[in-house]
Structure formats: C-alpha cells, structure tokens
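0 is the number of the first residue of the sequence shown in numbering that gives the first Met the number 0; add one for each residue after it. No residue lacks a Cβ here, since even glycine has one placed at the ideal position from N, Cα and C.
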Amino acid sequence: MGAFKAYDIRGIWGEDITKELVYKIGFFLPKLLGTRQILVGRDVRLSSDDMFKALSNGIMDSGSDVLSLGVASTPMVYFSTVFFKVGGSVQITASHNPAKYNGLKVSRTNAVPVGGDTGLKELEKMCNEIPVVPVEKKGIIKEVDGKTPYLEFLRRYLPDFSNLKLAIDCSNGMASYIIPELLGKQHIYLNDWFDGSFPAHEPNPLDPNTCRQLEKAVVDNHCDLGIIYDGDADRVMFVDEKGRYIQADFAMALIGKQVFKHKGDKCVADIRTSKSTTEYLTALGYDVLVWKVGHVHAKAKIRETGAIFGGELAGHYYFSEFFCCDSAAFATMMMLSVLADEKRKGNSFSALIDSIVKYSSSGEINFKLDRKDEAMQALYERYAPKAEHVYDFDGYRIEYPTWWFNVRKSNTEPYLRLIVEAPTEAETKLKVEEITEIVKKFS
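Set out below in structure tokens:
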C-alpha cells in the first residue's frame, strides 16, 4: 500500500487510495487511537465526499461514532480536536497536491499528529492483515459546528491592520471558508470560492508559478502585501509590495519577531532554514533549535522542548498558543501585526525582508536518483571531515564558516533535495556546480 507516507496517508484517488482502503482505515482507526469517537473534517476536493462516506461507514461499523465537521480547513480540525475533547480526528485532504490526489491526516487527542513511526505503519498492517468483522451495534454520525468556535478563537489575536492594503489568493480551497470572514471582505480576493478541480492553479503556494496572478494583483493595485494559501489552509506564503515571492523562512523571521516574548524562548526551524533567519532570530533572543523536516517532527519537537514557535520552508508555521499546531490563519495574523506596526514607522515589507537576508540561496534543487543513499554518503565523506558543524538527523546539513548545504531524501517524492547557501550568488553557484558533479555520478 503506497498510500501510507511518513506524515499522512495520501495518493491518487481510485489508484493508491480506494473506497475499500478508506473503509478499512475507518474501521481500524478507533482501535489504533483507543477511542470510540472520531472527529472528521474534509476539504472540497472532488473525491472528498466519497472518502467521507467510506471512512464514516468504517468507523461506524467498528461500533464507534463520527463527529462530522463537514467542510473544514485542516487547522480547524486541529482546533476542534482540542475544543471537543475527542480522542482522535481525521482531515480528508491532499493539501497542496493536484486535484486527482486525496488523503487523510490523522491526529490523536490534543491534535498530536500520527505519523509513519507513531501509528500509520501499525494502521497499514491492520488493514493488510486483520479481517474486517462489522459489529452488530453500529455507531452514529453527529454533525458539529467547528467553524464558529474556531473563528472566535482566532479573533482574539486579530490585530489592527487597517493601514494595510491586501491581495489574498485562497486557491479555490479551504481558505475561502475562513479568511474572508476573519480578515474582512474589503480586500482584493482571488479564487475565493470552492472548486475542487483548482482551475486557477494548483493549490501549492510553495511553487512560485502559482503566485503569478497574486503578484500581478499586488503590483497593479498598489498593495502592501499578498497572501496565498494551500488547499487545506494549513500553509501560507507571502508576496511583498514589489510583487516578489518571499521565501517562507524569511517570513518566519518576521512572524517569529511578533511571537517572541522573553530572551531564551525556544523556536524550532527545519534543517533547510536560511542562516539569515537563524541569525535574525538568535539576535532577537531566541534559542533556535534546528530539526527534521515535516509537521509530525516539528510538532513533536515543539512539545518536547517547550518551544513557543516553529517554522518550515514549506510554509508551515507552528504556535504553542495554537496547541503546537500549524494554522495559516494564525500565521497570517502574526504577519499582519508586524507589517502594520512597521508601516506606521515607515517601513515596507520589502525593506524588512532585505534587512534580514544576508546570504544567497540556491533554493531547493531536486535530483531524480536511483542511488540516493550512495550520493548522500559520497557528499558526507567529501565535506563532513573539515566542516564546522554537521547535523545528521534528516539527511545532512554540513556547515562551513562561510557557507553550508543540506542534502536529504524527500519523504513524499522520489527526489534527492539540495539547498546551498553562501555569502554571494557567485559562491553559491560554484558550490552547487561542485556538489552536482558528485551527485550526478549516482544517477
């Protein structure tokens, strides 16, 4: 079963994920989570209703009940898991993937995520090896309102950003359900209606090509910033007033500034994070903890260390005040708070970003390789012995005094991923070419 991934269950609907598989997952999930009640939300993908029916039938045939949120953003499901005090939840979504995909994000009580090593492998084994025997006394479906309390919670953090002009791209996904009601309808909205075929662009704001419409809207309408969400509204990316796409770790620096409370506060940054960001956050007073990529790993580290904040290059931002979970809406409010304050001082979004960025980054480069492990080992042997610091828990991040690189295997796609950062563009280009020569030997 190729649908069971490191962070969630995901694949092409009708191929990797079928009604039969989703039914089995529903049937065994209450046993895995040790609960008789599962909260379920779903996005607006074309297959989400069919998945909900199959999942719910499985849950009810096990003798457990379904609390149905109806359509919901992923952060709304996290919030509702805590709010309704349930022992487990599922969001039906494939997040930023194209329309033909769908999937399931599973959480335990208190919205603690279930990943490959914390339950999904066991669930896969159950689905493969244990026969389904429906019980006589089936469970029921009960509909609940998660949107109202979620919006009430978010509004407690809503800043005064009346001095900012915004362009907002909801990507025809779940942000359309939350953001206009939260931020107001006076802004310039793009793709702010539900369409599970995602006609404007794929719901993946990490791809700069999906932001072209937003970038144009920002420039044409003289906006202070642009905001774009993924399909299930757990990730957000930003565009500055010049129409420039802002790398998520640079946005993380500004959001971190807003969240910061006391010297020594901990924040978690993924292993790909720019030195520009880690140096900026350290200068603010943060104790920056570099850690593995992926929401399952980030949330576990935040809980373990008592960190107040975390961020990833993929546009996930985590907050201790939001149950150590990611919420694109919460991150948006933190960014608006910073930018509104800075505009009152005469500072633009672009000027703030330019003051943070000190190094030239290659961006994430993908190599499609059969011999990924051998390539990584070759890079380790070539660069690690003389390095200033080596992180070895998610691929390798190998740091020299003036430059660094991270090489890691993708957990979701068949790629070896590389990021290189150096003081100048020329130095970065040189190091990329040097590393590429080694990697290509293993294609």
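First through last residue of the beta strand (DSSP E) which encompasses residue 296: Careful: residue 296 lies outside any beta strand (DSSP E), inside the alpha helix (DSSP H) at 294-304.
Rounded separation between residue 399 and residue 428 - CA only: Approximately 16 Å between the Cα atoms of the pair.
Sequence ranges, alpha helix (DSSP H) only - wholly within the region 11-65, length at least 4: Listed in chain order, they are 18-32 and 47-60.
Contact the region 277-288 vs the region 316-327: 3+ CB pairs below 8 Å: no
Residue 70 versus 124, 130 and 193, residue with shortest Cα-Cα distance: 193
Exposed unless 16 or more other CB atoms sit within 10 angstroms - verdict on residue 47: Burial call: buried.
Sequence-distant residues of the same chain with beta carbon closer than 6 Å to residue 134, five excluded per side: 62
Residue 239 burial status per 10 Å Cβ neighbour count (16 or more: buried): buried
Residue 112 - partner residues in DSSP beta bridges: 106
Which listed residue (405, 126, 100 and 30) has its alpha carbon closest to that of residue 443: In the structure as shown, the chain starts at 0 and stops at 442, and residue 443 therefore has no counterpart that could be examined.
Segment limits, beta strand (DSSP E) that includes residue 392: According to the DSSP assignment, residue 392 belongs to no beta strand (DSSP E), since it is labelled neither H nor E.
The region 161-168 in contact with the region 22-42 per 3-pair CB rule at 8 Å: No: the two stretches stay apart, fewer than three of their Cβ pairs being nearer than 8 Å.
Collapsed DSSP secondary structure at residue 420 in the structure displayed: strand
Buried or exposed (CB count within 10 angstroms, at least 16 for buried), residue 422: Its Cβ having fewer than 16 others within 10 Å, residue 422 is exposed.
Buried/exposed call for residue 177, threshold 16 Cβ in 10 Å: buried
Pairwise C-alpha distance: residue 108 and residue 58: 17 Å
Proximity winner among 123, 232 and 19, relative to residue 324 (alpha-carbon distances): 232
Spatial neighbours of residue 395 in its chain, beta-carbon cut-off 6 Å, leaving aside the 5 residues before and after: 379 and 406
When 413, 402 and 440 are compared against residue 425, the one with the closest alpha-carbon: 402
Element boundaries [alpha helix (DSSP H), containing residue 341]: 327-343
Proximity of residue 237 and residue 252 at Cβ, strictly below 7 Å: Cβ distance not < 7 Å, so residue 237 and residue 252 don't count as in contact.
Residue 205 versus 9, 235 and 254, residue with shortest Cα-Cα distance: 235
Sufficient close CB pairs (3 or more, under 8 Å) joining the region 260-279 to the region 354-362: yes
At least three beta-carbon pairs within less than 8 Å, the region 121-140 to the region 172-191: no
Cβ distance (whole Å) where residue 345 is taken to contact residue 254 below 8 Å: Between residue 254 and residue 345 the Cβ distance is about 21 Å, and since that is not below 8 Å, they are no contact.
Straight-line gap, residue 341 to residue 139 (C-alpha atoms, nearest Å): 51 Å
Collapsed DSSP secondary structure at residue 428 in the structure displayed: helix
Simplified DSSP state of residue 255, which is helix, strand or coil: helix
With 16 other Cβ atoms within 10 Å as the buried cut-off, status of residue 74: With 16 or more Cβ atoms within 10 Å of its Cβ, residue 74 is classed as buried.
Endpoints, alpha helix (DSSP H) assigned at residue 376: In this chain, the alpha helix (DSSP H) harbouring residue 376 covers 371-382.
Nearest-angstrom Cα separation, counted from residue 13 out to residue 446: Given a span of 0 to 442 for the chain in the structure shown, any question on residue 446 remains unanswerable.
Every unbroken beta strand (DSSP E) within the region 229-255, with a cutoff of 3 residues, ordered by chain: The region 229-255 contains, as complete beta strand (DSSP E) runs of 3+ residues, the segments 235-239 (chain order).
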